[in-house]
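Asker: In the UniProt record's numbering, the protein residues as written are 1 to 145.
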Amino acid sequence: MQLKQVLANGKKGGLNVGAVLILPEGFELAPPDRISPEMKEKIGNLSFQNYRPTKRNILVIGPAPGQKYSEIVFPILSPDSAVKKDVHFLKYPIYVGGNRGRGQIYPDGSKSNNPTTEKSVFLFVKERKRMRKPMSRVTTYQDEN
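#1: Tell me the start and end of each unbroken beta strand (DSSP E) in the UniProt domain "Cytochrome f large" (2 to 101) that is at least 3 residues and wholly inside, in chain order.
#2: Rounded to a whole number of angstroms, what is the C-alpha to C-alpha distance between glycine 13 and arginine 100?
#3: Whose CA, out of Gly98, Ile22 and Pro31, lies closest to the CA of lysine 69?
#4: Please identify the residue among Leu3, Ile94, Lys42 and Ala8 whose C-alpha is closest to the C-alpha of asparagine 57.
#5: Less than 8 Å between the CB atoms is what I'm expecting for alanine 19 and valine 96, so what's the real figure, rounded?
#6: Under 8 Å: do the stretch 73 to 82 and the stretch 39 to 50 share three or more Cβ pairs, one atom per stretch?
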């Protein structure tokens, strides 16, 4: 079974996808002239953008056709340690979020393709577990309905 979404014309169509990538400070989206031909082939026609002009380390993409883009490759640059002497390459946290279907929101906060009927879902914390490693925990959420 293939999932469908309601399109702007009211007909059913394929799901759109979107993603956000939060990198450590100093990492940023690679400019087009720094992307190799091999990487350009993997990226396809996707258009990446910074979440905000002041947040160059937060990248967003979407909405894009989900059937064509089941895998998204982000072209990123790491900080140049020759230019910035305070850069140290250690283990960094990287956060990734994905979205399928309608209801995506652009970086400026405007809605992309929300249906005319929206449903609010309220979640509450059901369970919180501390894991063995410091600073790691798993939180389980549950719909209140």
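Ideal Cβ positions, reconstructed from N, Cα and C, are used throughout, including at glycine.
Model, not experiment: these values are computed from the prediction.
Answerer: In this structure, then:
#1: List check, beta strand (DSSP E) in window: 4 to 6, 12 to 14, 16 to 22, 48 to 52, 55 to 65 and 95 to 100.
#2: Numbered from its first residue, the sequence shown carries residue 13 at position 13. Numbered from its first residue, the sequence shown carries residue 100 at position 100. Whole-angstrom Cα-Cα distance: 13 Å.
#3: Translated into positions along the sequence shown, residue 69 becomes position 69. What sits at residue 69 in the sequence shown is tyrosine, not lysine. Selected option, being the one with the closest Cα: Gly98.
#4: Here residue 57 is taken as the residue at index 57 of the sequence shown, counted from 1. Nearest option by C-alpha distance: Ile94.
#5: The residue you call residue 19 lines up with position 19 of the sequence shown. The residue you call residue 96 lines up with position 96 of the sequence shown. Distance from alanine 19 to valine 96 at the Cβ level is roughly 7 Å; contact confirmed, criterion being Cβ atoms closer than 8 Å.
#6: Yes: at least three Cβ pairs fall under 8 Å.
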